[in-house]
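*Asks:* Before I ask anything, here is the structure I am working with.
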Amino acid sequence: MDNLYIQKVLNGDYAGFSYFIDQYKDMAYSIAFRIVNNSEDAEEIVQDSFVKAFKSLKKFRQDSKFSTWFYRIVVNGSLSKVGRRKINLGYINLDNVSDVAIEEIELAYNHLAHSDQQKYIHIALNRLDIEDRLILTLYYLNNNSLEEIAEITEIKIENLKMKLFRARQKMYIILEKELNSETKNLL
Amino acid sequence: MDNARVNNFTKEIISGSKRELTNPDFTRTLMGKIKAENRKSIIYSNIQLYSLIFISIDAVIIVLFNLAGIGLSNVSFKLSSFSRAFENFYSNPMQFIIIYFIVLNVVILMIMMISRNSYSYSKTK
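In structure tokens:
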């Protein structure tokens, strides 16, 4: 379907580009938001990325999916906005990674109200660094394959598996701490 | 806890953090920008195309007049001062013809360019 609309746009029917906007705007916004952590900036980045994609569509060689190519534009635009700085709000010790009791976290998480679940996920994701947030979003939210994530983020695929595992563990460590303090507060 | 279950749980909680654009005018505003970009690129490519045609036609005219033994050094001097060239129209008919061709050339190109721009614009509107 993407290829059909690419041809339409390349043949001069610029209105065909609205297909891509409808199709990818929300995911692009999620990606940009994960990096810049600000809704206005994220919206601006998504707009600029679509305009850039429109202008560069002729250069798109179609050897990857349009979405992969486009998300790469979004990621680069977002990283330019934050100045490629890595935000890490707290050092997370991964020595005891295997000790994270995900079952307990799942149990505690499922007992939370929906709004509280969202609150804790946002806290956990915001405490991760940009790269971890991005990898988790692409893999678990957008269902991108490791190959696609490697192309979007320009991380070597052999490092990506480990980075994904560590990002997930870091998120659970933060979530565990937050949920424990919530439980203590309730008691 | 097995990896598949961790994956499912992680997917579930990350999905809960999904963000959606709330601006109802987002697509409309963006399509306005795309439309402007589209117009800009059409005008830019037309300028390139007509500049090429213009230069080619002038080159042909220059070659033809050179072949006919008419040098352009005097003409270009005259062209730099239009009023002077105009004064010479009656005294030198060849200079008049050269200037006439160049002016005609520019006028035709401008008409073509305007009509092509409006055609391209109406086509994509």
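Sequences listed follow chains A and B, in order.
Using this note's numbering, read the first sequence as starting at 2 and increasing by one per residue.
Using this note's numbering, read the second sequence as starting at 1314 and increasing by one per residue.
All C-beta atoms, glycine included, are put in the ideal place defined by N, C-alpha and C.
At a CB-CB cut-off below 7 Å, which residues of chain B make contact with residue 31(A)?
*Replies:* 1331 and 1332
*Asks:* Put residue 69(A) into one of helix, strand or coil per three-state DSSP.
*Replies:* helix
*Asks:* Determine the closest residue to residue 1336(B) out of 38(A), 47(A), 12(A) and 5(A), with distance taken between C-alpha atoms.
*Replies:* 47(A)
*Asks:* Would you call residue 172(A) buried or exposed, if buried means 16 or more other Cβ atoms sit within 10 Å of its Cβ?
*Replies:* buried
*Asks:* Since residue 19(A) is in the alpha helix (DSSP H), which residue starts that stretch and which ends it?
*Replies:* 19-37
*Asks:* Taking 8 Å as the CB-CB limit, is residue 1328(B) close to chain A?
*Replies:* yes
*Asks:* To the nearest angstrom, report how far apart residue 41(A) and residue 156(A) are at their CA atoms.
*Replies:* 27 Å
*Asks:* Please report the distance separating the alpha-carbon of residue 53(A) from that of residue 43(A).
*Replies:* 15 Å
*Asks:* In the segment 7-34 of chain A, which residues sit with their C-beta less than 8 Å from some C-beta in chain B, listed in chain order?
*Replies:* 13, 14, 15, 16, 18, 19, 22, 23, 26, 27, 30, 31 and 34
*Asks:* Rounded to the nearest angstrom, what separates residue 1374(B) and residue 1422(B) at their Cα positions?
*Replies:* Going by the C-alpha atoms only, they are around 15 Å apart.
*Asks:* Which bits of chain A does residue 1365(B) rub up against, with CB to CB less than 9 Å?
*Replies:* The contacting residues do not exist; residue 1365(B) stays about 19 Å from chain A at best.
*Asks:* Keeping to the same chain, check which residues put their C-beta closer than 6 Å to that of residue 151(A); ignore five residues upstream and five downstream.
*Replies:* Once the five neighbours on either side are set aside, the close Cβ partners of residue 151(A) are 158 and 161.
*Asks:* Give a yes or no on whether the minimum CB-CB distance between residue 63(A) and chain B is below 8 Å.
*Replies:* no
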